[in-house]
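Peer 1: Numbering (mature numbering (1 follows the signal peptide of the UniProt record, and there is no 0)), first residue to last: -18 to -1, 1 to 333. By construction, the Cβ of each residue, glycine as well, lies at the ideal position given by its N, Cα and C atoms.
1) Between the beta-carbon of residue 188 and the beta-carbon of residue 36, is there less than 7 angstroms?
2) Are the stretch 60 to 73 and the stretch 207 to 219 touching, with three or more C-beta to C-beta distances below 8 angstroms?
3) If you draw a straight line from the alpha carbon of residue 199 to that of residue 152, how long is it in whole angstroms?
4) Tell me the rounded alpha-carbon separation between residue 79 and residue 197.
5) Using the rule of at least 16 other Cβ atoms within 10 Å of the residue's Cβ for burial, across every protein chain shown, is residue 139 buried or exposed?
6) Taking C-alpha atoms, which residue in 211, 206, 205 and 194 lies nearest to residue 184?
7) Going by DSSP in three states, residue 88 sits in which element: helix, strand or coil?
8) Could you work out which residue in 156, 17 and 29 is closest to residue 203 when comparing CA atoms only?
9) For residue 39, count neighbouring C-beta atoms within 10 Å of its own C-beta (all shown protein chains included) and say buried if the count is 16 or more, exposed if not.
10) Comparing alpha-carbon positions, which option in 172, 117 and 145 lies nearest residue 71?
11) Could you tell me which residues DSSP puts in a beta bridge with residue 208?
12) Do residue 122 and residue 85 have their beta-carbon atoms positioned less than 7 angstroms apart in this structure?
13) Please determine, among 176, 150 and 179, the residue with the shortest C-alpha to C-alpha distance to residue 165.
14) Per DSSP, residue 150 forms a beta bridge with which residues?
15) By Cβ distance below 8 angstroms, which residues in the same chain neighbour residue 194 in space, the five residues on each side in sequence not counted?
16) Can you list, in chain order, the residues of its chain whose CB lies under 6 angstroms from that of residue 113, leaving out five sequence neighbours each side?
17) Quick one: give me the first and last residue of the beta strand (DSSP E) that residue 186 is part of.
18) If you follow the beta strand (DSSP E) that residue 30 is in, where does it begin and where does it stop?
19) What first and last residue would you give for the alpha helix (DSSP H) that runs through residue 214?
20) Give me the Cα-Cα distance between residue 120 and residue 56, rounded to the nearest whole angstrom.
21) Can you grab the Cα-Cα spacing for the pair residue 155 / residue 167, in whole Å?
22) Do you know how far the Cα of residue 97 is from the Cα of residue 21?
23) DSSP has residue 172 in a bridge; who is on the other side?
24) On the CB-based measure, 16 or more other CB atoms within 10 Å of its CB, does residue 131 come out buried or exposed?
25) For residue 251, which residues of its own chain have a beta-carbon under 6 angstroms away from its beta-carbon, when the five flanking residues on both sides are left out?
26) Within 10 Å of its beta-carbon, does residue 17 have 16 or more other beta-carbons around it, so buried, or fewer, so exposed?
27) Would you give the residue range spanned by the alpha helix (DSSP H) that residue 110 belongs to?
28) Grouping DSSP H, G and I as helix and E and B as strand, with all else coil, what is residue 23?
29) With DSSP run on the structure shown, which of helix, strand or coil describes residue 80?
30) Return helix, strand or coil for residue 18, following the three-state DSSP convention.
31) According to the Cβ coordinates, are residue 341 and residue 135 closer than 7 angstroms?
32) Using C-beta distances below 8 angstroms, list every residue in its chain close to residue 93, excluding the 5 sequence neighbours before and after it, in chain order.
33) Below 6 angstroms CB to CB, which residues in the same chain sit around residue 52 once its five sequence neighbours on both sides are set aside?
34) Quick one: give me the first and last residue of the beta strand (DSSP E) that residue 47 is part of.
35) Going by other Cβ atoms of all chains shown within 10 Å of its Cβ, with 16 needed for buried, is residue 159 buried or exposed?
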């Protein structure tokens, strides 16, 4: 009997008082210019979450959106990034966008240029040290800006992001009624916008909005209004989530790689290892014509395609396992006959 073991890598707070959007401020609807951005391109909605990473709720948020196939944006505090770098790395690995929110949640409207620069530079470096791409986005705590702070952000190649919609989740707190109240506030504010002109950037906080009910409700609001849930990088600049650096062969889409496949023979023969590539994270695109045998360079097209057909259109949540049959087309078994083994795919990250 053959045993196949596979690991699947898929691609895939502090209460604040927000200052209302100033009248006549710059809009990011076109994605151009250097002013502060408040909204998205039309037809899009960008949920954003401030004040993390929270040791529990940040990953709950990231996982919930990933399971729905959505990518969102987190504005992390540098001080918390240094405390929870593994969480930050996991958020990035799922394809979410990480921006910065200062280092200590200070009032940037009162900081000197040097102090503002130092806070943002330290926060950027903390995110990079955690294993994520260099941040391009900055949200000032409380939405407070100043000429000095904006100049420091520009010097660090950071685009300042504010928001269109603020449900004031920090006012409600953590009561059971808060989900409905916050969702109602979001829906009402979106309905008051000119949806044909711009899309909303929604302000929330990991600590107050980090629940599956809140995530599901937010996705429903977007769906009912025909809005695509995206990251700020997508809604403002048109950038799609970056492909994972560990899969240079991924030429299209947020694909997935089935890592090392270990085959163990009945009589303790040496194991063989190979890699299987699947180029579409929705599990139904096949292998783009790739063929091969069970060897160090080959691909098992038949067995992987069987899995794709079996689970077409489905998605795996982080940590999920599924069993399926994998055919060894080379016939190199202990008895020199083709064999079908029971395999398990364990999803570490969802695309």
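Peer 2: With the given structure in hand:
1) Position 206 of the chain shown, counted from the first residue, corresponds to residue 188. Position 54 of the chain shown, counted from the first residue, corresponds to residue 36. Yes, Cβ-Cβ distance for residue 188 and residue 36 is below 7 angstroms.
2) no
3) The residue given as residue 199 occupies position 217 in the chain shown. The residue given as residue 152 occupies position 170 in the chain shown. Using only the alpha carbons, I get a separation of about 18 angstroms.
4) Position 97 of the chain shown holds residue 79. Position 215 of the chain shown holds residue 197. Taking the straight line from one Cα to the other gives about 17 angstroms.
5) As a position in the chain shown, residue 139 is number 157, starting the count at 1. Counting Cβ neighbours within 10 Å, residue 139 comes out exposed, since fewer than 16 surround it.
6) Translated into positions along the chain shown, residue 184 becomes position 202. Ranking the options by Cα distance to residue 184, first place goes to 211.
7) Taking the chain shown and counting its residues from 1, the one referred to as residue 88 is at position 106. Coil.
8) Numbered from 1 along the chain shown, position 221 holds the residue referred to as residue 203. Nearest option by C-alpha distance: 29.
9) For the purposes of this step, residue 39 is identified with residue 57 of the chain shown, where counting begins at 1. Result: buried.
10) For the purposes of this step, residue 71 is taken as residue 89 along the chain shown, with counting starting at 1. The shortest C-alpha to C-alpha distance from residue 71 to any of 172, 117 and 145 is the one to 117.
11) Along the chain shown, one-based indexing puts residue 208 at 226. Answer is none; residue 208 lacks a bridge partner.
12) Reading the chain shown from its first residue, position 103 is the one you call residue 85. Reading the chain shown from its first residue, position 140 is the one you call residue 122. Contact flag unset, no.
13) The sequence position of residue 165 within the chain shown is 183, counting from 1. It is 150 whose Cα lies nearest to the Cα of residue 165.
14) Locating residue 150 in the chain shown gives position 168, counting from the first residue. In the DSSP output, where bridge partners are listed per residue, residue 150 has none listed.
15) Numbered from 1 along the chain shown, position 212 holds the residue referred to as residue 194. Here the set comprises 42 and 46.
16) Your numbering for residue 113 matches position 131 in the chain shown. Around residue 113: 71.
17) Position 204 of the chain shown holds residue 186. Bounds of the beta strand (DSSP E) holding residue 186 are 181 to 187.
18) Residue 30 sits at position 48 when you count from the first residue of the chain shown. 26 to 34 is the span of the beta strand (DSSP E), which, as asked, contains residue 30.
19) Within the chain shown, numbered from 1, the residue matching residue 214 stands at position 232. Note, residue 214: alpha helix (DSSP H), 214 to 219.
20) By one-based count along the chain shown, residue 120 stands at place 138. By one-based count along the chain shown, residue 56 stands at place 74. Each residue's Cα considered, the two are about 10 angstroms apart.
21) Taking the first residue of the chain shown as 1, we reach residue 155 at position 173. Taking the first residue of the chain shown as 1, we reach residue 167 at position 185. Residue 155 and residue 167 have their C-alpha atoms roughly 14 angstroms apart.
22) Within the chain shown, the letter at position 39 stands for residue 21. Within the chain shown, the letter at position 115 stands for residue 97. Approximately 28 angstroms between the Cα atoms of the pair.
23) As a working mapping, residue 172 is identified with position 190 in the chain shown. Residue 172 is not bridged to any residue.
24) Here residue 131 is taken as the residue at index 149 of the chain shown, counted from 1. Burial call: buried.
25) Indexing the chain shown from 1 puts residue 251 at position 269. Here the model assigns residue 251 a pLDDT of 33, short of 50, so the residue's position is not dependable and the matter cannot be decided.
26) Here residue 17 is taken as the residue at index 35 of the chain shown, counted from 1. The residue in question, residue 17, is exposed, as its Cβ has fewer than 16 Cβ neighbours within 10 Å.
27) Translated into the one-based positions of the chain shown, residue 110 becomes position 128. Note, residue 110: alpha helix (DSSP H), 95 to 111.
28) Counted from its first residue, the chain shown places residue 23 at position 41. Here residue 23 sits in coil by DSSP.
29) Stepping through the chain shown from its first residue, residue 80 is reached at position 98. Strand.
30) Here residue 18 corresponds to residue number 36 of the chain shown, with the count starting at 1. In this structure, residue 18 counts as coil in the three-state DSSP scheme.
31) Nothing in the structure corresponds to residue 341, since the chain is present only between -18 and 333.
32) Walking along the chain shown from the start, residue 93 turns up at place 111. Around residue 93: 101, 128, 130 and 131.
33) Locating residue 52 in the chain shown gives position 70, where the first residue counts as 1. Same-chain partners within the cutoff: 211.
34) Numbered from its first residue, the chain shown carries residue 47 at position 65. Counting along the chain, residue 47 falls outside any beta strand (DSSP E), though it belongs to the alpha helix (DSSP H) covering 39 to 49.
35) Locating residue 159 in the chain shown gives position 177, counting from the first residue. Exposed.
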